[in-house]
Amino acid sequence: MFARTSTVLTIGVATLGLLATTAGAAPTYAVTATVPVGQTPMQVAVAPGGAVTYATNSGANSVSVIDTATNAVTATVPVGGGPTGIAVTPNGARAFVVNTADRSVSVIDTATNTVAATIAVGEFALAVAVSADGAHAYVTNGVESTVSVIDTATNTVTATVPVGAFPIQLAANGTHVYVTNSSDNTVTVIDTATTTVVDTIPVASHPSAVTATNDRAYVRSGAEMSVIDAATNTVTATFGVDGTMGGAAVTADGHTLYVVDSEGGAVTVFDPGTNTEVTSLAVGGSAGGVAVSADGARAYATSQNENTIATISRAPGDATLPR
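So this is what it looks like as structure tokens:
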């Protein structure tokens, strides 16, 4: 395993993106369960309370519902063709599933584990995120280079926002949505209050995965991760990651960043306080998506080769604390 170093950009005498750290025992991480799901699991989402996770099975046109206390699949929900992205509303009542092959979104009623609505979106729809207030869901449409905005109360598309070329992933924080545009090497920033583009940020070639807190967004471009300051919408640091493909997820407190190494079948854990690697954990071949629980105690990663979801548990310690 190679040590990771971060590159910090400076403007004049001011250094951006530096993080304060505290000394003490570091958290430890381990894979504590592996759950069989459907064929070719792509992405995973965690219910707000952490009691349930949902995995999209692209090869089976279904979503697996997993009880995190027992690590068992308790339901399998049929959805549209080629499900990929998934996101759960903050109240846990609905899960929005992107069906790439059908150009649609299935809305799952999580109380009954049934599809309550199907919403038409664009071609090569891939990813979905839900706003912090739960009022809207956002879906990338790769071919149209747009994002569909869904009113979650009516399950209708109420706006279509032009973004960069071929958007493939997106992430929402309290006020903005960050969209990775893979064909023009940019990140589009959408204001969730006005549903307008407020900034476009240049990043490294072919950005893919993105994850965000209220302070920062992390954007993957192959083997490089860019750190974006949410206050200024500028890249303040870059650092290397293992592999060139796979998802990323940061804990809500900003203390831990998980990055998938798809080629290596692993998830690498980073300390965002120093942008350095903490450990790497094997999760299965062709690892794809990763998601974290709201309390940061667990992360979940998909293995497309093995048709499983790996549970990564974090044992408490004095983690590096972002300023």
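With mature numbering (1 follows the signal peptide of the UniProt record, and there is no 0) as the guide, the letters of the sequence shown map in order to residues -25 to -1, 1 to 298.
For each residue, glycine too, the CB sits at the ideal point set by N, CA and C.
Inset, instruction - Can you say whether N250 is buried or exposed, counting buried as having 16 or more other CB atoms within 10 angstroms of its CB? - result: buried
Legend entry - Per DSSP, cross-strand counterpart(s) of A50: V40
Inset, instruction - Indicate whether A276 and S288 have their beta-carbon atoms separated by less than 8 Å. - result: no
Inset, instruction - Could you give the DSSP three-state label for A26: helix, strand or coil? - result: coil
Legend entry - DSSP beta-bridge partners of M200: R195 and F214
Legend entry - Backbone CA spacing between T283 and Y153 [nearest angstrom]: 28 Å
Legend entry - Counterpart residues of I143 in DSSP-defined beta bridges: Note: I143 sits in no beta bridge, so no partner.
Inset, instruction - Out of T135, A62, S157 and V114, point me to the one whose CA is closest to T169's CA. - result: T135
Legend entry - Inside the segment 88 to 135 only - alpha helix (DSSP H) runs reaching at least 4 residues: none
Legend entry - Inter-residue Cα distance where the pair is V105 and A1: 32 Å
Legend entry - Separation of A8 from A47, as counted between CA atoms: 10 Å
Inset, instruction - Let me know the secondary structure DSSP gives E281 once reduced to three states. - result: coil
Legend entry - Contact belief for S157 with S120 at Cβ below 8 Å, rounded distance in angstroms: Not really, about 10 Å apart at Cβ, beyond 8 Å.
Legend entry - Segment contact, 8 Å Cβ cut-off, at least three pairs: the segment 20 to 27 with the segment 262 to 272: yes
Inset, instruction - Quick one: give me the first and last residue of the beta strand (DSSP E) that P182 is part of. - result: P182 to A187
Inset, instruction - Over the uninterrupted beta strand (DSSP E) stretch that includes E252, give me the two end residues. - result: T251 to A257
Legend entry - With 16 other Cβ atoms within 10 Å as the buried cut-off, status of E252: buried
Inset, instruction - Go ahead and label P247 buried or exposed: buried means 16 or more other beta carbons lie within 10 angstroms of its beta carbon, across all protein chains shown. - result: buried
Inset, instruction - Use the C-beta contact count for G56: other C-beta atoms within 10 angstroms, 16 or more gives buried, fewer gives exposed. - result: exposed
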